[in-house]
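Those letters in the sequence shown? Residues 4 to 452, by my numbering. To start, the structure itself, in structure tokens.
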Amino acid sequence: MTESALQSVIQKIYDFSGLKIASPQIEGLKNLIRELSSKQGISPEEYCNCINSSHPDFPLIINQVTVNETYFFREEKQFDILKNNIFPKFAGKKMNIWCGACSTGEEPISLLAMALSCNVDVTVFASDIDDNALNKIKDGIYSKFSFRTDGSKYHELLRPYYTENNDKYVFKKDFIARINLYKYNLTEETRFPFSESLDLIFLRNVFIYFNQDIRKKISKNISYKLNDGGALFYSMNEIGSLDDRIIPSSLYKTNIGSVYYFLKGTKTEKDKKILHQEKQKNLDELFDKIKKLNSLTKTAEQKIPEKKAEQKSEIINEPDMQEYFEKVCHEINSSNFENARKLTQNITSAKNKVFFYFLQGYTEYYADNKENAEKLFSTAELLKKDFWPAYFYHGLVLKDIGKKEKSNFCFEKCTALLDSFGANNPYNFILDSFSPSYIYSLCRTMIQS
């Protein structure tokens, strides 16, 4: 099969779905094309020329290249908001929920189980472009891989709805039947497969594959389906990059603690005041902690000899880097980039210098200062050769500014480091809810795109 023939199919896939093909998927796509062309008695090149979105084989092509990684109650903090703040408002009332990229079904199953536990009269709609993923939901059979540490506090909510059989979790047919399944392409300008308006939309872990124009188009389309006061949840890893360049004016970003999401309507002055107070409280708490730690360090250095003071400074330093990362993300997600910069300036110890440059770069990346971000990520790489987050985000910046060859090097380096760490990844807190294999897959996707 010629490279040009293969690329023509990849382009057709992108034109139809907006999906970018990950490098590890290429061989599987080639094998499928060879198999399907052989059945029709034509060459792979001829098959590539005739295949298109209306061809009966095209759904098989799409199924081959979609990446499905999810698990029950993924991004547990978002489900905390649903349980404590959103679902109680619908107790004893009707509520419509849509999972716009439901993958293999763990997300709609989680939403259904939690809504029922909160006495919500819920209707769940779930859609995906992948037939195989939808069939997986219909089967209702899952493995231990669908149960992770993230989300574990809510696993008990699922127990009434499944039986265990040889390490398989088989969900009851009447429970699965409550999820209305549809094959649906988010990028198509067609009518939704259901007519009901929605109170809650989950559209998580899919925007990373789309460019800005497609993101804007999808966000505009789905905003029409959302009721006034309805909530729209994106992945916590994606929401920091979603602003008014992509999100329509009918939606506004809000938060409860570190969890950000969108509401349909106009933000009231009361909302704005509460949001400001919450942000200021978080900042004040962190700055107080920093002041106390700095005071402890000075006191220790005055009381002990110079050499011992140096040893002490290795023990008493800034708050844990995970806390810093979460606070910086909190400010970035609310578009308070100056506060994020202010936070990172307090990282002063030599051993955490790599985080200083990385978090500075992370802030500039989301503030759309790509050139500054590129320099900062590069510095972080020089300081710590195994710091894969710097290579990952450096690759994203380089890709955005058109330096594909250099970006590919960063993504290749990131995948190599993820391989070398295996299960002992020291920077897991930067992964948030994503697994190393998911970041690896994203890198391969970026290399191929």
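For each residue, glycine too, the CB sits at the ideal point set by N, CA and C. For clarity, every value in this text was computed on a predicted model and none was experimentally measured.
Pick from the options that is closest to residue i, judged by C-alpha positions
{"i": "F205", "options": "H158, A129 and L184", "result": "A129"}
{"i": "S226", "options": "L203, K354 and N428", "result": "L203"}
{"i": "Q108", "options": "I132, P429 and K80", "result": "Contrary to the premise, residue 108 reads as Gly rather than Gln in this sequence. Here the closest residue by C-alpha is I132."}
{"i": "E328", "options": "K373, Y430, I140 and G233", "result": "First, the amino acid is wrong: residue 328 is Phe here, not Glu. Of the candidates K373, Y430, I140 and G233, the one whose C-alpha sits nearest the C-alpha of F328 is Y430."}
{"i": "S410", "options": "F210, M449 and F424", "result": "M449"}
{"i": "K186", "options": "D170, K416 and K139", "result": "K139"}
{"i": "T126", "options": "S200, K42 and N427", "result": "S200"}
{"i": "L119", "options": "F213, K171 and F178", "result": "F178"}
{"i": "L401", "options": "E374, S423 and L421", "result": "E374"}
{"i": "I64", "options": "N88, L39 and F75", "result": "L39"}
Alpha-carbon spacing of residue i relative to residue j, whole angstroms
{"i": "N339", "j": "C53", "result": "51 Å"}
{"i": "K15", "j": "L399", "result": "24 Å"}
{"i": "L9", "j": "D403", "result": "25 Å"}
{"i": "A116", "j": "N188", "result": "26 Å"}
{"i": "G143", "j": "I217", "result": "32 Å"}
{"i": "K31", "j": "K406", "result": "Per the sequence presented here, residue 31 reads as Gly, with Lys not at that position. Each residue's alpha carbon lies about 28 Å from the other."}
{"i": "A419", "j": "G364", "result": "22 Å"}
{"i": "K147", "j": "N224", "result": "36 Å"}
{"i": "R207", "j": "L235", "result": "10 Å"}
{"i": "A94", "j": "K228", "result": "22 Å"}
{"i": "S57", "j": "H397", "result": "39 Å"}
{"i": "D323", "j": "N183", "result": "44 Å"}
{"i": "K388", "j": "C413", "result": "12 Å"}
{"i": "D18", "j": "W391", "result": "32 Å"}
{"i": "S222", "j": "R181", "result": "26 Å"}
{"i": "F265", "j": "T257", "result": "6 Å"}
{"i": "S252", "j": "K220", "result": "13 Å"}
{"i": "F210", "j": "Y237", "result": "9 Å"}
{"i": "M239", "j": "L245", "result": "11 Å"}
{"i": "F90", "j": "F195", "result": "24 Å"}
{"i": "S261", "j": "H333", "result": "6 Å"}
{"i": "N169", "j": "P47", "result": "41 Å"}
{"i": "L161", "j": "I442", "result": "28 Å"}
{"i": "K33", "j": "T5", "result": "10 Å"}
{"i": "K42", "j": "K141", "result": "29 Å"}
{"i": "V12", "j": "P59", "result": "15 Å"}
{"i": "I45", "j": "L35", "result": "14 Å"}
{"i": "S113", "j": "P163", "result": "13 Å"}
{"i": "T190", "j": "F213", "result": "9 Å"}
{"i": "G233", "j": "Y255", "result": "11 Å"}
Own chain partners of residue i with C-beta closer than 6 Å, once the 5 adjacent residues on each side are dropped
{"i": "D231", "result": "K267 and G268"}
{"i": "R248", "result": "none"}
{"i": "V331", "result": "A343, L346 and L362"}
{"i": "F197", "result": "F128"}
{"i": "I84", "result": "I259 and V262"}
{"i": "Y145", "result": "Y172"}
{"i": "F395", "result": "C417"}
Residue i classed as buried or exposed, judged by whether at least 16 other C-beta atoms fall within 10 angstroms
{"i": "K175", "result": "exposed"}
{"i": "E377", "result": "buried"}
{"i": "E167", "result": "exposed"}
{"i": "T152", "result": "exposed"}
{"i": "K416", "result": "buried"}
{"i": "A353", "result": "exposed"}
{"i": "S444", "result": "buried"}
{"i": "G475", "result": "Any answer about residue 475 is impossible in this case: the structure gives the chain only from 4 up to 452."}
{"i": "R447", "result": "buried"}
{"i": "E326", "result": "exposed"}
{"i": "E408", "result": "exposed"}
Same chain, Cβ closer than 7 Å to residue i, neighbours up to 5 away in sequence not counted
{"i": "A393", "result": "F361, F380, A383 and E384"}
{"i": "S106", "result": "N71, T73, D131 and A136"}
{"i": "F359", "result": "T347 and I350"}
{"i": "K97", "result": "D124"}
{"i": "K310", "result": "Reliability fails at K310, whose pLDDT of 45 lies under 50, so the model's placement of it is uncertain and the value that follows must be treated cautiously. So the list is empty, once near-sequence residues are dropped."}
{"i": "I242", "result": "Y263 and N336"}
{"i": "C121", "result": "K86, F90, P91 and A94"}
{"i": "P111", "result": "C102, C105, V127, A129 and I182"}
{"i": "F150", "result": "Y74, F75 and H158"}
Residue i beta carbon near the ligand GDP (any heavy atom closer than 6 Å)
{"i": "D124", "result": "Absent from the structure shown: the ligand GDP. Ligands present: none."}
Proximal residues to residue i (C-beta, below 8 Å), its chain only, five neighbours per side dropped
{"i": "L386", "result": "K356, V357 and Y360"}
{"i": "Q215", "result": "R248 and I249"}
{"i": "N88", "result": "I259"}
{"i": "R37", "result": "M4 and P47"}
Contact the segment 361-376 vs the segment 334-349: 3+ CB pairs below 8 Å: yes
The segment 70-86 / the segment 152-165 touching (three or more Cβ pairs under 8 Å): yes
Touching by the beta-carbon criterion (3+ pairs, under 8 Å), the segment 85-104 and the segment 37-53: no
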